[in-house]
Structure formats: C-alpha cells, structure tokens
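Protein chains in written order, with the working numbering: chain A, 568 to 666; chain B, 3 to 579.
The structure appears below as structure tokens.
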C-alpha cells in the first residue's frame, strides 16, 4: 500500500514539474512568435518605404532630367519612330509603316 | 550521583491542566481555519471579479494594431500616394533636463530653433507634449541615439507622394491624423482609411508578450485606390503647361486629358501647384484645382455646338453659305461684331474662322429652348459627375429668361459659364460621333456608354470643321502635331471683373481632339492672364495642346495617321535605332 502511494506521489510530482515546464516553454515560444511577427511587420513597412523611394527615384520628371542632362537624350517624335504592325493581331489591315 | 526520573512520574507534569485550555486552543485553530476558508471563498467566488481585474491591470495590456491607409495608384499600378512609417517625437517636460547640452543637437536634428524647442518644453504642468510629428526614420534613429531623458518616440504613419507637384491636385493630401484633406484623398477617405485592430495580451516582467487573453481584433487595412490617371501623361501635360505659363508670364493654367473610349481622365493638372510632401506656406492659388473649381465664360468654344444643332435641325448643311459682311450684326439695339470681318462664309468656314456674326445668324433661327437643351445635354450648367471636392456646375440660365441679345451672345459663349472640365467632357460629344461620355477618375477597362446628343453624321461633320480650324486658314494652326491629325477650337475671352470686363486681362484656351478620324483623346488647355504680348488661345494654349497630344498618343501607342517625313537620316550617323 505504501509503495503504491509512493509511486503515485512521484507520478504526481513528475506531472506537476512537466506542467510547469510546458507552461514555461509555451510562453517562451509565444514570445518568440510575437517577436517574429513584429519583425515581419517592421520589414513590411520597410518594404513599403523602399517601394515609395524606388518610385520616387523613377518618376517621369527625374527620368527626363537625367536622360536629357546626363545621357543627352531627347523626346521621340513620330519622325524618328518606326511603327511595326503585328499582322496576326492587327484588327485593321496592316498599312505601310509610317515613314 | 544520578537519579533518573520516569516520564510518567515527572513532577513537572504532575499538575493537572484544566480541560478548557486545550479546548480553547482547538477552537482557536478551528476559527482560524474557518477564517481562511471564508477568505478563500471570498477571493475565489464572491470577490473574484475584482481580484481578476486587479491582476489583469498589473500584467495585461491592450495593444493597438494600426491599420494601413490604402495606397493611391495610377492606371499602371504606380504609386501616387502611400503611407510609410514615421516616428513622432514627444516629451514629458517635467522629466527633461533643460540644461542638457544634447537639446541643442536635438533642435538641430529637428530643424527647429532651440528657443522654440525650449518653449515647447517650458510648461511643466503638462505630461505630454508633441515636439515634432512624423520625423523621417533616419533622423528618428539619430534622436533615439541621443538618449535624452524625457524625450520619447511614437510610431505613426506619414503619407508620401512620389509624383510631387505634377499630380498634387488630383491626389490631394492628408493631415497628420491621416485623414484626407484635398483631392481624392478627401473624396475616397472612407475607402482608403482602414480600421485599427487591437489585442489584449499578458506581458511578463521584461515586457514580453507571453499570452493573448482575448481573441485578436485584426486591423482592417484601407483598400487601394486605382485612378485613371497615367502618371506619364500627367507629368508631360503638367510640364508643358508649366513651361507655357512661365513663358507667357501668365497667372495660372490648367490642362485635362480624357480618353474618349472609356471616359477616363488620363491627366488633370494645374499650375501653380505645390509639393504635397512639403506643405508649408501654401496659398489658395496653389491649392485650387482650377480645372474643376474655376468657371468662366467659354467664348468661341461653344460655336461648334451651335453649328451641330443647326445641322441637326436641318437649318444648314456644312457648305451652306452665310453672309457675314460687314462683320457686324445688330440685335435688340446691341451690335455684335467680328474682330476680323469676312464676307460670305460656309458653315465650315464660320467655325474655322470663328465668326461671331455667322454663328449668331445660325443661332437666331433656333428657339432658346432648343439651344438650352443642347447645352444642357452637353453637360453645361450641371455638376460634373466626378467625385471631387468643390467641383462647380457653372451657370446656364433657364431659357425662359433669355432675351434675344442674350441668346445671340450665348451662341458664341458669353452669358454662361463653365469649368474647363465641363468643356473637355462636352467635346467628347464630337469625339464619340455624337455621344456624351460619362467621365471617371477611377480606372475602368470597359468602354463607356455615352448619351446621344447629335447624330453620328453631324458630329463627324463638326469634327471636320474642328480639323479645319487647326489647319491653314484656321485660328489654331499651332495646335498641329507631327504625325497626328487634330481638331479643336480656340477661345480667348476678356476676364470678367465685378460687373464689367477687365481691360487687358484675358483667358486663353483650346479644346480639341485627336486623331480626327478616330478620336482617342480630348485635351483641354486653359491659360489664365497671359501677360507677355500674346493672349490669343491659338498662340498661347494651342501649343500646349499640340505637345500634350503628341506625347499622350505616343504613350498610348496610337499609330500616327498622317504621313511623317522621316528625320532619322538627317542626324548623326553613329546614332543607331
């Protein structure tokens, strides 16, 4: 009888310790996941910021400025454009390219 | 000598203890246990709620989950407005050491004079003071590195507008609270702004989240808004307008580009404009979206509507001669004259040369009601159906109050008022073979269904007249482009000031379409008070139209409909294409 009680006591103690451990572990993991989520949010907003910056670097006004100043380019006119009509998808009969 | 004493015979135990003492002790213990049981019952059953709450206050926190405001995109998905994280700097004045030398550094980082910073921190009664809101991330990091006591940061969102001043009037802007103040940011505020979420969590000693107490209320992000604006077209239109306004020393200018197939607004720009990212010292002049909020007398631009109505009613044919000599006509005691008198003109030529007398002669054969109906059908005097703050309806008086002279002046565009936007929309009637197209600021892919105003044949006839106006002998030769046929009408009007017309203050505009045979776009340009010698619409506004049309059609991939002399060989040989 005493021996059985001892075994049960040990079992209760082991289970109790395991419970404490699990609780601790679950909180630790929860913290980790929370931190990871915060990191994800931060990266997302950073991504957003970089998207905007990327766009700001590629606005037509900036592109045009750089193209004319640094690369010596000028706007195209139909005079220096060769128009190619795709025969398959053209709804109207392919006309002579405008030149 | 030792003497042992037996326990049972110990003299110390010889005295008899009274029984009540042991009973008293037992009773005391029982009472104590009862007390404990009672307390336990109180804590866990009766007062449970209170203690739960007290516990939660100590370790549970409600965290706000901020929602993102939706982006504003152009028709190709490029960003016109987006929210980015920005830190706001706040302080507890009492905690800040006013003699800290680091305050000077802080002031420099914030681009704020030191006295102003000190003034903000002066009121020690306050427990919360904004020092500066929405500071850029790198600056915020440097401020955090200073580690000044009593200075804190709070995460907020700031709106960024990469296109800057070119699209400022369409997009508008938000205030520091992230609420729309102007433009589509205001009109579509509801759709763009999200709903913040929240979560209730338990935090441990180190401030880490260890558990969620309740279900998380997730934040609902605002929906993105895709406009019909094409940022390239928008930029080119704005740039050409800006150049023209500056070259002619004008007060202001506006331009609208409408896609005639879908009714989408491809560009809508005004000058002077402002940079929505740095909004200091803004004036009403800069903020005004003149395209929609300014109304004026449209002048000659109305003549094609009279011609179309005359054709529609069978009063004339395009080649019917009208005698406009001697360049004057008297109606009800008032005389209307042409600035360049002509002799006999066909209806085509009346529009081409913009003859007031010829137009009046056609108009006086109609009833006021017919004229009013046509104008109303074309959208004059009615608020345009665009979701935009402050869009005006212009003024078109009821036909019953028209006197004959008023009917005459209204035929060539005086005595009624309209916005540039309405004019552009009205001209879709000619571009769409007689149908008025509903105009939208949001992207659509489907062709719009219009409302018929004129018959197909007559609209095409008027379009031919508009093309004549831009060809040799017309009023707007400068509207011509390389490669694309265009048609349009100029207008020049003296500005109204008070009750009369101002001397030497003009407004010049041009509204047209291209290509003539199969119009794809309608472009309207207005220049306010050109002040550099030239003031005719054909000289001031038409060149802006020409360049805008040229660029827009190229961006849209429309093939030139006129033969173009190739210029490729004339340039430097090394250039390869």
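Note that beta-carbon positions come from the ideal geometry of N, C-alpha and C, so glycine has one too.
Only residues of its own chain outside the window of five on either side were considered, and among them 202 have a CB closer than 7 Å to the CB of residue 216 of chain B, listed in chain order.
If one requires a minimum length of 3 residues, the beta strand (DSSP E) runs lying completely within the stretch 188-272 of chain B are 199-205, 211-214 and 254-261, in chain order. Secondary structure note for residue 412 of chain B: its alpha helix (DSSP H) is the uninterrupted segment 406-413. Residue 115 of chain B and residue 107 of chain B have their C-alpha atoms some 11 Å from each other. Residue state for residue 311 of chain B is assigned as helix, using DSSP reduced to three classes.
Contact between the stretch 488-497 of chain B and the stretch 516-530 of chain B is present: 3 or more CB-CB pairs across the two stretches fall below 8 Å. Beta-carbon to beta-carbon, residue 163 of chain B and residue 86 of chain B are separated by about 11 Å, too far to satisfy the 8 Å threshold.
Less than 9 Å separates the beta-carbon of residue 525 of chain B from that of residue 554 of chain B. If you ignore the 5 residues before and after residue 394 of chain B, its C-beta comes within less than 8 Å of the C-beta of 294, 295, 296, 297, 385 and 421, all in its own chain and listed in chain order. Less than 9 Å separates the beta-carbon of residue 292 of chain B from that of residue 255 of chain B. The C-alpha of residue 261 of chain B is placed about 24 Å away from the C-alpha of residue 247 of chain B. Within the stretch 589-602 of chain A, the residues whose Cβ lies closer than 7 Å to some Cβ of chain B are 594, 597, 598 and 601, listed in chain order.
By the rule that beta-carbons nearer than 9 Å mark a contact, residue 587 of chain A does not touch chain B. For residue 430 of chain B, the uninterrupted alpha helix (DSSP H) segment begins and ends at 422-433.
If you draw a 10 Å sphere on the C-beta of residue 492 of chain B, you find 16 or more other C-beta atoms in it, and that means buried. When the five nearest sequence neighbours on each side are left out, the beta carbons in the same chain lying within less than 8 Å of the beta carbon of residue 387 of chain B are those of 440 and 441, in order along the chain.
A distance below 8 Å between beta-carbons, with the five flanking residues on each side excluded, links residue 601 of chain A to no residue of its chain. Of the residues assessed, residue 376 of chain B falls on the buried side of the cut-off, its CB having 16 or more other CB atoms within 10 angstroms.
In this structure, DSSP gives residue 163 of chain B a state outside helix and strand, which the three-state scheme calls coil. One alpha carbon belongs to residue 19 of chain B, the other to residue 572 of chain A, and they sit about 40 Å apart.
DSSP places residue 569 of chain A in the uninterrupted alpha helix (DSSP H) bounded by 569-624. Here residue 193 of chain B is near residue 72 of chain B, since their CB atoms are less than 9 Å apart.
Cα atoms of residue 631 of chain A and residue 187 of chain B: separation of roughly 27 Å, rounded to the nearest angstrom. With a cutoff of 9 Å on beta-carbon distance, residue 464 of chain B and residue 257 of chain B are scored as not near each other. Inter-residue distance for residue 44 of chain B and residue 127 of chain B is about 42 Å (C-alpha atoms, whole angstroms).
Interface annotation, residue 80 of chain B: in contact with chain A, CB-CB separation under 9 Å. At least one C-beta of chain A is nearer than 9 Å to the C-beta of residue 87 of chain B. Note: residue 333 of chain B is bridge-paired with B:336 in the DSSP secondary-structure output. Taking 9 Å as the threshold, the shortest C-beta distance from residue 191 of chain B to chain A does not fall below it.
Per DSSP, residue 364 of chain B is one residue of the alpha helix (DSSP H) stretching across 358-365. The C-beta distance from residue 211 of chain B to residue 597 of chain A rounds to 7 Å, short enough to meet the 8 Å contact threshold. Residue-level contact by beta carbon holds for residue 622 of chain A and chain B, with a gap shorter than 9 Å. Contacts with chain B (Cβ-Cβ distance below 7 Å) from the stretch 568-581 of chain A involve no residue at all. Within chain A, the residues whose beta carbon sits less than 7 Å from that of residue 164 of chain B are 619, 622, 623 and 626, listed in sequence order.
For the set B:527, B:130 and B:523, the Cα lying nearest the Cα of residue 512 of chain B is the one of B:527.
For residue 653 of chain A, the closest of B:561, B:454 and B:566 by C-alpha to C-alpha distance is B:561.
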